[in-house]
Amino acid sequence: MTAHRWRGTFVYLGALAGLAAIAVARFGGLPFEQAAPTVAGSTLPAGDTGGSTSGSGPATPDATTSPSNPGTGTTDPSTVTVGGDVAQTPYGPVQVAVTFTGTRIVDVQTVQAPVGPESSQIAARSTPVLAQEVVSAQSAHIDTVSGATYTSEGYRESVQSAIDARG
Amino acid sequence: MRYLGTVMGVPMSLDLRAPADERARAAARAAFDLLRVEDARFSPFRESSELRRYERGLVGSPSPELAEVLRLAEDARIASGGAFDVRRPDGGLDANGVVKGWAVQRAVGLLRAGGFGDLCFNAGGDVAVLGGPEPGRDWVVAVRSPSAPDELVARIEVRDGAVATSGTYERGLHVRDGRTGRPAEALLAATVVAGDLTTADILATSVLALGPDGVGWALGQGAAWALGVRPDGTLVSGGAEPRRAA
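Chains as they are written, first to last, in the working numbering: chain A, 1 to 167; chain B, 1001 to 1246.
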């Protein structure tokens, strides 16, 4: 392990709260679709009516599906919440609900997480981190976030199933 | 254009700053394909993976990739005084601390060879970058706090480098100190900036295993900067004097 070409600057932040409050995520879907260009200075593509400044509708879910009944999402750009399948993990069942505006993920909520002194903490922590990853790329000040590897397979599977159900 | 995929059980995103044409899409697909090939080779969950067969003594001649990962692991074990050790007490191999960063760095190398010089690859919290997001600006990588996902402990501007974080806060005490065999508990998280993600990822895991003393150690092993977060929330860091990008 030798030294490599590298340059950069560091700024410590005692706490920069509110990262998760940044704008609305543009998230094309997994696995391997393309989201819109993001980060500072980029422009929204034509037809992209979402985002915090758009009039694409209030958060009132007019087409919210039951978390236990994924697959009934609509195709209009209004806000819709789709429940993911329950995924079994070594810690217990995991289920999430994903809120979309149009085709974008704007929130990920944990519907069901394992209980227990250890695993509940792990699940509770991993949930907001993925939600943060989804929204943080919108920040003009931060391009990406480094952190401990997150999500269990089960959490991912539940998110994936919600995305699939949304179509 | 941002390309998303899930490989090795973690979400990965490739932010490719290039015209979103078929050539870019093909390059991104090739990068993810490379990761999936290495995932299959090193998967601890597939009995037929080369890693699992190697553990059982069924691989007479390791592939160059397996040989390279084993060499990287052995180099790290020696360099860390035994704290970093992919060998489990039960005789198995836990190569996760090497494979992900190494594989992503290979994928980035593939993209670079294809002429893509401005990109950010985030593999479940480990980040490799080339160039910058736009002319005159370096990539800005935040490091999240172990205690709260919406709080940050550092902000790093980096060009042609990598930032890796290893911590106990997502998957519990999953990193052992190979010297004692006990879970590493002296730090909640360790972050290392280095020239490539292979180096950064191995060093971050090593620092977590070594504890606060690992921060200074990492600087002699290729780290440009290193950070540890102690259980009481205080930070220990070290590295080259920051140089502001032009």
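Here a beta-carbon is modelled for each residue, glycine too, at the ideal position from N, C-alpha and C. What you are looking at is a predicted structure, and each value in this text was computed from that prediction instead of being measured.
Using C-beta distances below 6 Å, list every residue in its chain close to residue i, excluding the 5 sequence neighbours before and after it, in chain order.
i: residue 1190 of chain B; result: 1166, 1204, 1207, 1208, 1228
i: residue 1184 of chain B; result: 1175, 1177, 1208, 1209
i: residue 1200 of chain B; result: 1162, 1164, 1192, 1194
i: residue 147 of chain A; result: none
i: residue 1020 of chain B; result: 1001
i: residue 1097 of chain B; result: 1205
i: residue 1125 of chain B; result: 1165
i: residue 1073 of chain B; result: 1086, 1098
i: residue 1004 of chain B; result: 1013
i: residue 1236 of chain B; result: 1212, 1215, 1228
i: residue 1247 of chain B; result: Any property of residue 1247 of chain B remains undetermined from this structure, which presents chain B solely from 1001 to 1246.
Is the CB of residue i under 9 Å away from at least one CB in chain A?
i: residue 1155 of chain B; result: yes
i: residue 1041 of chain B; result: no
i: residue 1049 of chain B; result: no
i: residue 1236 of chain B; result: no
i: residue 1090 of chain B; result: no
i: residue 1139 of chain B; result: yes
i: residue 1015 of chain B; result: yes
i: residue 1169 of chain B; result: yes
i: residue 1189 of chain B; result: yes
i: residue 1163 of chain B; result: yes
i: residue 1113 of chain B; result: no
i: residue 1142 of chain B; result: yes
i: residue 1125 of chain B; result: yes
i: residue 1166 of chain B; result: yes
i: residue 1133 of chain B; result: yes
i: residue 1152 of chain B; result: yes
i: residue 1146 of chain B; result: yes
Kindly list the residues whose CB is nearer than 7 Å to the CB of residue i, restricted to its own chain and excluding five residues on each side of it in sequence; keep chain order.
i: residue 1132 of chain B; result: 1118, 1138, 1139, 1159
i: residue 1146 of chain B; result: 1167, 1169, 1188, 1189, 1229
i: residue 1031 of chain B; result: 1014, 1107, 1110, 1111
i: residue 1036 of chain B; result: 1007
i: residue 1049 of chain B; result: 1040, 1041, 1042, 1043
i: residue 1123 of chain B; result: 1010, 1012, 1100, 1104
i: residue 1186 of chain B; result: 1211, 1212
i: residue 1217 of chain B; result: 1210
i: residue 1231 of chain B; result: 1188
Indicate whether residue i and residue j have their beta-carbon atoms separated by less than 9 Å.
i: residue 145 of chain A; j: residue 1052 of chain B; result: no
i: residue 1233 of chain B; j: residue 1215 of chain B; result: no
i: residue 1042 of chain B; j: residue 1014 of chain B; result: no
i: residue 1127 of chain B; j: residue 1219 of chain B; result: no
i: residue 1099 of chain B; j: residue 1012 of chain B; result: no
i: residue 1060 of chain B; j: residue 1179 of chain B; result: no
i: residue 1121 of chain B; j: residue 1141 of chain B; result: no
i: residue 1064 of chain B; j: residue 1181 of chain B; result: no
i: residue 1084 of chain B; j: residue 1076 of chain B; result: yes
What residues in its chain sit with their C-beta under 8 Å from that of residue i, if we drop five residues either side in the sequence?
i: residue 1024 of chain B; result: 1001, 1016, 1018, 1116
i: residue 1054 of chain B; result: 1062, 1066, 1093
i: residue 1034 of chain B; result: 1103, 1106, 1107, 1110
i: residue 1046 of chain B; result: 1040, 1052
What number of angstroms, rounded off, separates the C-alpha of residue i from the C-alpha of residue j?
i: residue 86 of chain A; j: residue 1010 of chain B; result: 18 Å
i: residue 1113 of chain B; j: residue 1027 of chain B; result: 10 Å
i: residue 1155 of chain B; j: residue 1221 of chain B; result: 22 Å
i: residue 1069 of chain B; j: residue 1107 of chain B; result: 15 Å
i: residue 1151 of chain B; j: residue 1130 of chain B; result: 26 Å
i: residue 1136 of chain B; j: residue 1056 of chain B; result: 52 Å
i: residue 1213 of chain B; j: residue 1157 of chain B; result: 25 Å
i: residue 1039 of chain B; j: residue 1058 of chain B; result: 19 Å
i: residue 1225 of chain B; j: residue 1102 of chain B; result: 19 Å
i: residue 132 of chain A; j: residue 1153 of chain B; result: Confidence at residue 132 of chain A is low in this model, with a pLDDT of 43, below 50, so the placement of that residue is unreliable and no value is reported for it.
i: residue 1022 of chain B; j: residue 143 of chain A; result: 24 Å
i: residue 1071 of chain B; j: residue 1079 of chain B; result: 12 Å
i: residue 1091 of chain B; j: residue 1134 of chain B; result: 48 Å
i: residue 1148 of chain B; j: residue 84 of chain A; result: 25 Å
Do we get a CB-CB distance below 9 Å when we pair residue i with the residues of chain B?
i: residue 143 of chain A; result: yes
i: residue 147 of chain A; result: yes
i: residue 129 of chain A; result: For residue 129 of chain A, the pLDDT reaches just 39, beneath the cut-off of 50, and the residue's location in the model is therefore unreliable, although a value from the coordinates is still provided. Closer than 9 Å to some Cβ of chain B, the Cβ of residue 129 of chain A qualifies, so yes.
Exercise. Quick one: which unbroken beta strand (DSSP E) runs of 3-plus residues sit fully inside the stretch 1106-1141 of chain B? Chain order, please.
Key: 1119-1123, 1126-1130
Practice problem: Return the chain-ordered ranges of every beta strand (DSSP E) run that is complete within the stretch 1153-1239 of chain B and spans a minimum of 3 residues. | Solution: 1161-1167, 1189-1194, 1223-1229, 1235-1239
Practice problem: Please go through the stretch 1025-1063 of chain B and give each complete alpha helix (DSSP H) segment of 4 or more residues, from N-terminal end onward. | Solution: 1050-1055
Quiz item: If you scan the stretch 1056-1104 of chain B from start to end, which runs of the alpha helix (DSSP H) of 4 or more residues do you find wholly inside it?
Solution: 1064-1079
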